[in-house]
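See below for the structure under consideration.
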Amino acid sequence: MASAAKKAAKTSILVEFIMDEFEYMNIEPVPRRYWNDTSGLEFVTQLCVQDDERAGTVLTTASKYYALSATSALLKYVELRQNTRFTANSLRIRYGQGDETMMIDPETARNLELVGNMTSKKSSHSLFGILNHTYTPMGARLLRINILAPIINEVSLDARLDVVEEFIQSEERFNEVKDALKGLTKQDFDKLVASLATSDTAEASSSKVASTRVTQMLTLRSVMKNLPLLAKAIRGSRSYMLPCLEQMLSDERIGHIEELISASLNEDAINPKGGGLAAATTRVYAVKANFNHLLDIARETYKENISDIFSLNQELSHEFDLPLSLQYQETGFIFQLKKTDLEGELPRGFIDVTVKKGKYMFSSLELKKRNARLKEALEETLLLSDKIIQDVVSDVIEDIHVLYKASEAVAMVDMLWSFAHAAILRNYEFTGTLAIKAGRHPILEGVQAAGTLVSNDVYCCEASSFQIVQGPNMSGKSTYLRQVGLLTVMALCGSFVPVEYGSFRRHDALLTRLSNDDDMEKSLSTFANEMSSSAMILGMATPNSLILIDEVGRGTSPVEGVGIAHALAESLIKAKSYVFFATHFSELATTLSRQPTVVNLHLSVQKTRPTGSSFGMRFHYKIIDGAPEDSEHYGLDLARLADLPDDVLTEAKRVSERLTELEERKNEESKTTKVAIRRKALLRVKLTSSRLRSFLATIPALTSLGPALSAVATLSGNL
1 MASAAKKAAK
11 TSILVEFIMD
21 EFEYMNIEPV
31 PRRYWNDTSG
41 LEFVTQLCVQ
51 DDERAGTVLT
61 TASKYYALSA
71 TSALLKYVEL
81 RQNTRFTANS
91 LRIRYGQGDE
101 TMMIDPETAR
111 NLELVGNMTS
121 KKSSHSLFGI
131 LNHTYTPMGA
141 RLLRINILAP
151 IINEVSLDAR
161 LDVVEEFIQS
171 EERFNEVKDA
181 LKGLTKQDFD
191 KLVASLATSD
201 TAEASSSKVA
211 STRVTQMLTL
221 RSVMKNLPLL
231 AKAIRGSRSY
241 MLPCLEQMLS
251 DERIGHIEEL
261 ISASLNEDAI
271 NPKGGGLAAA
281 TTRVYAVKAN
291 FNHLLDIARE
301 TYKENISDIF
311 SLNQELSHEF
321 DLPLSLQYQE
331 TGFIFQLKKT
341 DLEGELPRGF
351 IDVTVKKGKY
361 MFSSLELKKR
371 NARLKEALEE
381 TLLLSDKIIQ
391 DVVSDVIEDI
401 HVLYKASEAV
411 AMVDMLWSFA
421 HAAILRNYEF
431 TGTLAIKAGR
441 HPILEGVQAA
451 GTLVSNDVYC
461 CEASSFQIVQ
471 GPNMSGKSTY
481 LRQVGLLTVM
491 ALCGSFVPVE
501 YGSFRRHDAL
511 LTRLSNDDDM
521 EKSLSTFANE
531 MSSSAMILGM
541 ATPNSLILID
551 EVGRGTSPVE
561 GVGIAHALAE
571 SLIKAKSYVF
581 FATHFSELAT
591 TLSRQPTVVN
601 LHLSVQKTRP
611 TGSSFGMRFH
621 YKIIDGAPED
631 SEHYGLDLAR
641 LADLPDDVLT
651 EAKRVSERLT
661 ELEERKNEES
671 KTTKVAIRRK
681 ALLRVKLTSS
691 RLRSFLATIP
701 ALTSLGPALS
711 AVATLSGNL
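In the UniProt record's numbering, the protein residues as written are 1 to 719.
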């Protein structure tokens, strides 16, 4: 046990801060072996109560390494220190997203390719890839966070959209922000400030640590000089957010920090990139002269040692009549000579000879001695410089919170500028309805040739919240579902979306079941994986959720698949979520017809006469109202692509047509089918009359028709 009164000899920075802030708090360590994600998942599985949310909790937390490790450590502590064990299935464990954000589970993020391409990790064909035009690592991280957890706060979304719109409309401001961000390219302000804050002065005796600290201070000065440029670029904005960000970048304490750094560092000392003699010399002369006389003497010694080594190179070149040159490495200088400049062998006295890229590289005893003296002078210079740098860091840390805020401001401006750079059209708003006109798949738009991508409309409200999407394979059902999810995520990030018009709802969760893969790590077959994902969706679905389901029930027999798909659909209809349900089960259009919120859609496919390489089908990739024609055997046409033998295709067609004929005969004789058709027609009358009545209520002169329409709606509802 560690306490404030008795600190351990070596404690972490976090523990020290906690002990300083909470003077009388006891801190008890938990051994590292108990921080185990596998044990954490076992605890969650064993202890979670058997309720509707259990499946969703287990599935969504399975990939949360840090959360599971912390859970394991907590429960092990309770077990070992407090001698307490919990009964199986006795704890209510829930997984939830942060406040004011939309929850996206890991499987959804993978299937929608939000931050990475499923085929190739190096590919930029993902939502993150098409939106990421950021200049700074902080901006890229913020973009990734917003894609995986989009915000749903209306005020914040409107503020972001105003900034993006201003960047697009004002070319001058767009270019000024771009130029300012270029000066911060690849500068990780967050990590830089964190590394300065966690510097351990006990390590000052290490020349490597001293060299790193000098480099960090040069980088910080470079950032400090660019922050005023970015603040100037966004000054005078008419949007609400940019003036707030400008204040964070223009804090007078930032100017004070820049003055502290400039007072001790040379103006012409730039941040060294990579290694080499130039980078080492920059670090040596980073601190201004006359700050420390010992430092000035060490620099002269360093300079003389460099001069001695170059003199040695000239002497040996003249002595052996060879065009020797020097190359600087971490261990010091070495000689190098092109193979074409040497006839015969190297003269005696040269050692450690190697050949690399057509050059001899070697050294000598005298060069090694001078390298040793150079290294001593370099280390002494860096250590003396580090003492001065540490004093500056101590002063900077007093106002370090200002630097963190400035880093947040840079990241936000960088991300919003990236949205503006990637923006296409900007006509959308946030309402209680999901309505998209001429929406395009954002990832495919960057892959396919211009003008070849087919746009589609989407309309989903409380009266049509469950939408069945049907169509043959390759018609575009999965693409349509993914397009809806990706456009919603883009909108909730604060980015403009590729639509002519869009009205989006602020969903609390995006839940999907899109893949038909098994899971070998969890020992789940394709069907078991389907059911696991479906259970998670049912446990977490709310009236404000957006749910995308593609081909559920295909992993088992057709009869069982239809039953499972129907039952799952009815549960989601009761939950009143916004659902897009792609399926090949045409029976669902009939079995779910009594539900007033169900809408049937299908992807347009045209039958053509097979000619040459054509197989008799033309895909339009266009969404159309209504269910497709059941008599069309699209699967048989697609089977021709696999070059199946003609006799196999002929027999398959014969059996399919016979089964279809028997099914149609049964449907004609079925009273249930007739009642379903009648109910569907009456429900359409009811919805139409309700909408018309709402419209007439806005026109006083026509209010007399209201009672008649109410009677029609009531009658159709009773029937």
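Even glycine gets a Cβ: it sits at the ideal position worked out from N, Cα and C.
On a predicted model such as this, the values are computed, not experimentally measured, just so you know.
Query raised in the report: Looking at the structure shown, is His507 part of a helix, part of a strand, or coil, going by DSSP?
Result: coil
Requested in this report: In angstroms with no decimal places, state the Cα-to-Cα distance between Ser464 and Leu444.
Outcome: 27 angstroms
Requested in this report: Identify whether Cys48 lies in helix, strand or coil by the three-state DSSP scheme.
Outcome: strand
Query raised in the report: Is the CB-CB distance between Val454 and Ile436 below 8 angstroms?
Result: no
Query raised in the report: Which residues mark the beginning and the end of the alpha helix (DSSP H) in which Leu572 is found?
Result: Pro558 to Ala575
Query - Residues bridged to Asp625 [DSSP beta-bridge criterion] - result: Leu601
Query raised in the report: Do you know offhand how far Gly129's Cα is from Gly255's?
Result: 36 angstroms
Requested in this report: Could you tell me which uninterrupted beta strand (DSSP E) segments, each at least 3 residues in length, are contained entirely in the region 422–478, listed from first to last along the chain?
Outcome: 428–430, 434–439, 456–460 and 466–470
Query raised in the report: Rounded C-beta distance between Leu548 and Thr526? I'm assuming under 8 angstroms.
Result: Actually they do not touch by this definition, with Cβ atoms about 18 angstroms apart.
Requested in this report: Kindly indicate which three-state DSSP category Thr136 falls into: helix, strand or coil?
Outcome: coil
Requested in this report: Name the residue from Gln216, His421 and Asn544 whose alpha carbon lies nearest to the alpha carbon of Phe496.
Outcome: His421
Query raised in the report: Can you tell me whether Glu21 is buried or exposed, with buried defined as 16 or more other CB within 10 angstroms of its CB?
Result: exposed
Report task. Find out if the Cβ-Cβ distance for the pair Phe619, Gln467 is shorter than 8 angstroms. Result -> no
**Report entry** Segments assigned beta strand (DSSP E), at least 3 residues, entirely inside the region 353–431
**Finding:** 359–364 and 428–430
Query raised in the report: Would a C-beta distance cut-off of 8 angstroms place Glu100 and Asn153 closer than the cut-off?
Result: yes
Requested in this report: Check the DSSP bridge columns for Asp251 and list the partner residues they point to.
Outcome: None; Asp251 has no bridge partner.
Query - Bounding residues of the beta strand (DSSP E) (the contiguous stretch that carries Ala582) - result: Tyr578 to Ala582
Requested in this report: Pull up the DSSP beta-bridge partners for Gln314, would you.
Outcome: In DSSP, Gln314 forms no bridge with anything.
Report task. Starting from Asp550, trace the beta strand (DSSP E) both ways and give me its first and last residue. Result -> Ser545 to Asp550
Query - Three-state secondary structure assigned by DSSP to Thr201 - result: Note that Thr201 scores 47 on pLDDT, short of 50, meaning its location in the model is unreliable and no value can be drawn from it.
Query raised in the report: Is it the case that the Cβ atoms of Leu127 and Leu142 are separated by a distance below 8 angstroms?
Result: no
Query raised in the report: Are the CB atoms of Leu294 and Leu322 nearer to each other than 8 angstroms?
Result: no
Requested in this report: Look at Tyr428 and Val489 and say whether their C-beta atoms are less than 8 angstroms apart.
Outcome: no
Requested in this report: Could you pull out every residue in the same chain whose Cβ sits closer than 6 angstroms to the Cβ of Phe174, ignoring the five residues on either side in sequence?
Outcome: Phe167
Query - Thr71, DSSP secondary structure in three states - result: helix
Query raised in the report: Are Val209 and Ala286 close, meaning C-beta to C-beta below 8 angstroms?
Result: no
**Report entry** Candidates Pro558, Val559, Tyr501 and Ser571: closest to Ser534 by CA position
**Finding:** Ser571
Query raised in the report: Cβ of Asp508 within 8 angstroms of Cβ of Asn544?
Result: yes
Report task. Tell me where the beta strand (DSSP E) around Gly332 begins and ends. Result -> Gly332 to Lys338
**Report entry** Minimum C-alpha distance to Ala627 - residue among Thr452, Gly635 and Leu592
**Finding:** Leu592
Report task. Tell me Arg618's beta-bridge partners as DSSP assigns them. Result -> Gln606
Query raised in the report: With a Cβ-Cβ cutoff of 8 angstroms, do Leu161 and Ala409 count as a contact?
Result: no
Query raised in the report: For Arg658, is the classification buried or exposed, using 16 other Cβ atoms within 10 angstroms of its Cβ as the cut-off for buried?
Result: exposed
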